[in-house]
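With the numbering used here as the guide, the letters of the sequence shown map in order to residues 2 to 407.
Even for Gly, the Cβ is constructed at its ideal location relative to N, Cα and C.
Report on one structure; see the data block that follows.
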Amino acid sequence: MSEKIELSIEEANGLIEEFGSPLYVYDEEILRRRCREVKGLLGYKRFVPDYSAKANSNLELLRIIHEEGFTVDAMSPGEIYTELRAGFDPSEILFVSNNITFDEMELASRLGVDISLDSLMQLKMYGEHHRGGRCAVRLNPGIGDGGNDKIITGGHSKFGITLDKLPQLFSIIRDYDLHIIGINQHIGSLFYDTDNYVSACRRLLSVAKDFPELRFIDFGGGFGIPYRYRHPEERPDLHEIGALMDELITDFMNAYGREIDVKVEPGRYIVGECCQLLGTVTSTKVSYGEKYVGTDIGFNVLMRPVLYDAYHYIAVYNHEDKEETVNLVGNICESGDILARQRRLPKLHIGDIIGIRDTGAYGYSMSSNYNSRLRPAEVLLDRSTGKRKLIRRRDTYEDLLRSMEL
2 MSEKIELSIE EANGLIEEFG SPLYVYDEEI LRRRCREVKG LLGYKRFVPD YSAKANSNLE
62 LLRIIHEEGF TVDAMSPGEI YTELRAGFDP SEILFVSNNI TFDEMELASR LGVDISLDSL
122 MQLKMYGEHH RGGRCAVRLN PGIGDGGNDK IITGGHSKFG ITLDKLPQLF SIIRDYDLHI
182 IGINQHIGSL FYDTDNYVSA CRRLLSVAKD FPELRFIDFG GGFGIPYRYR HPEERPDLHE
242 IGALMDELIT DFMNAYGREI DVKVEPGRYI VGECCQLLGT VTSTKVSYGE KYVGTDIGFN
302 VLMRPVLYDA YHYIAVYNHE DKEETVNLVG NICESGDILA RQRRLPKLHI GDIIGIRDTG
362 AYGYSMSSNY NSRLRPAEVL LDRSTGKRKL IRRRDTYEDL LRSMEL
């Protein structure tokens, strides 16, 4: 079984012909396989796998992830709304808030969704209106890791309550008679080494003993996936992480005096590799000695290469043997709209189909209508039956004006 979504030339061309270009294509079997890998992370019997929906919040994918036994987190009321529509019960959703408004806080409370507060000020705000209430808090363990400075969330970042602020935290808890039912952390996204993650888990457990009413501890996610094929990053060893964490958890529970839920919340690891973004070559030209291959995949469709200088493997769906070095670019009116710089690829022609792999995480979820471009459709493949299911239609021009024509 392939670890990545692979298509034949005929499949790629048939999908574009049926659903248009560009097109996000998902493989259900790979998605379910990643879910089951994470479900097997810990031997601890009260382990709860939790999906970080900001990676991809398509309704159909959420329903599959729910079927696989996951709970879910939310970063906004919009994600809460979508997750409820996907079939998650409010008790299965954790609102991991960051700099939210009071109205957003109240909405989650009315819906029966547990909320994790990210700062002393927001915890105090919650206490002023919910004296005696229950909530979780996000702690910053002082350890960060990730694939880019912009996605490292532990240590020097805007996230969480640092451990030196625990005296003030406990003071607010006493002042408002709050019941802290959970603590959570997240050190960053797209890491491959286990050491920092396990060290952060150990640090979180070292302070968890001071919270007597815990129902859960959430260690966060961030497990990396291998984007580079010729020089692949090592996939995080989930068996190694699980064995180390099981030992830490067992020791903690024995000292704590009772067992509580333990969560991790991967997003990218669940959905990243099950998707390939198809697009079409629209032009070629040489400028200042470099060849540019234009496509209909602008950064309104895939933001990661522009935002993070992210690398994605490019599949080319033609029969060319000859290769050349090109800049693969999009159709947005900015010089930074580059999918791949100086990449060695099979010779491309107008009308050829390309596939950008591993785009299931932070692909469609970060897309936009910049330059008034239309967002693409999303399609789910069941490779066992050959079925293709449209799970989000392509934007129309009417959609661009729908919220303006009042």
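Taking C-beta to C-beta, are residue i and residue j nearer than 8 Å?
i: Tyr228; j: Tyr312; result: yes
i: Val114; j: Phe103; result: no
i: Gly225; j: Val265; result: no
i: Ser92; j: Leu118; result: no
i: Val307; j: Gly337; result: yes
i: Pro23; j: Ile298; result: yes
i: Leu294; j: Leu349; result: Checking the sequence, you will find Val at residue 294 rather than Leu. Their beta carbons are under 8 Å apart, which means Val294 touches Leu349 by this criterion.
i: Leu249; j: Leu206; result: yes
i: Phe253; j: Ala209; result: yes
i: Arg376; j: Val302; result: yes
i: Met405; j: Met304; result: no
i: Asp219; j: Asp51; result: yes
i: Pro267; j: Ser53; result: yes
i: Phe48; j: His67; result: no
i: Leu215; j: Gly148; result: no
i: Arg345; j: Glu321; result: no
i: Leu382; j: Val39; result: no
Report buried or exposed for residue i, applying the criterion of at least 16 other Cβ atoms within 10 angstroms of its Cβ.
i: Pro168; result: exposed
i: Phe217; result: buried
i: Gly70; result: exposed
i: Gly387; result: exposed
i: Cys36; result: buried
i: Gln277; result: buried
i: His240; result: exposed
i: Arg139; result: buried
i: Pro213; result: exposed
i: Leu402; result: exposed
i: Cys334; result: exposed
i: Asp28; result: buried
Alpha carbons only, please: which of the options is nearest the one belonging to residue i?
i: Gly183; options: Ser9, Ile261, Leu402 and Leu401; result: Ile261
i: Arg33; options: Thr195, Arg394, Ser385 and Tyr309; result: Ser385
i: Val317; options: Gly189, Asp176 and Ile357; result: Ile357
i: Glu30; options: Asp322, Val272, Met367 and Ser58; result: Val272
i: Asn370; options: Phe300, Glu291, Asp176 and Thr83; result: Phe300
i: Gly15; options: Lys286, Gly280 and Lys166; result: Gly280
i: Asn141; options: Lys46, Leu391 and Leu170; result: Leu170
i: Cys202; options: Asp146, Val302 and Glu274; result: Asp146
i: Ala256; options: Ser284, Ser53 and Asp211; result: Asp211
i: Met122; options: Ala109, Gly156, Ile355 and Ile101; result: Ile101
i: Ile355; options: Val287, Asn319 and Cys334; result: Asn319
i: Glu1; options: Val380, Glu321 and Asp400; result: No statement about residue 1 is possible, as the shown extent of the chain runs from 2 to 407 and does not include it.
i: Gly156; options: Asp176, Glu80 and Gly189; result: Gly189
i: Tyr177; options: Val287, Gly41, Pro347 and Tyr127; result: Tyr127
i: Glu4; options: Glu274, Ser284, Asn372 and Asp396; result: Glu274
i: Glu291; options: Gly133, Arg111 and Leu329; result: Leu329
Name the one or two DSSP bridge partners that residue i has.
i: Tyr25; result: Leu278 and Glu379
i: Tyr318; result: Ile354
i: Met141; result: Note on residue identity: the sequence assigns Asn, not Met, to residue 141. Asn141 pairs with Thr163.
i: Ala54; result: According to DSSP, Ala54 bridges with nothing at all.
i: Phe20; result: Its beta-bridge partners do not exist; DSSP assigns none.
i: Pro347; result: Glu324
i: Tyr293; result: Lys286 and Asn328
i: His180; result: Arg135
i: Lys46; result: Bridge partners of Lys46: none, in fact.
i: Leu298; result: Checking the sequence shown, residue 298 turns out to be Ile, not Leu. Per DSSP, none; premise fails for Ile298.
i: Lys388; result: Asp383
State the CB to CB distance for the pair residue i and residue j, rounded to an integer number of angstroms; the pair is presumed to be in contact (CB under 8 Å).
i: Ile144; j: Asn185; result: Between Asn185 and Ile144 the Cβ distance is about 14 Å, and since that is not below 8 Å, they are no contact.
i: Arg86; j: Leu60; result: 6 Å
i: Ile181; j: Cys136; result: 7 Å
i: Asp247; j: Leu43; result: 6 Å
i: Leu62; j: Thr83; result: The pair is not a contact, with the Cβ atoms about 11 Å apart (cut-off 8 Å).
i: Gln343; j: Thr326; result: 6 Å
i: Tyr363; j: Ala56; result: 6 Å
i: Thr296; j: Leu340; result: 7 Å
i: Ser120; j: Ile153; result: So it is not a contact: roughly 18 Å between Cβ atoms.
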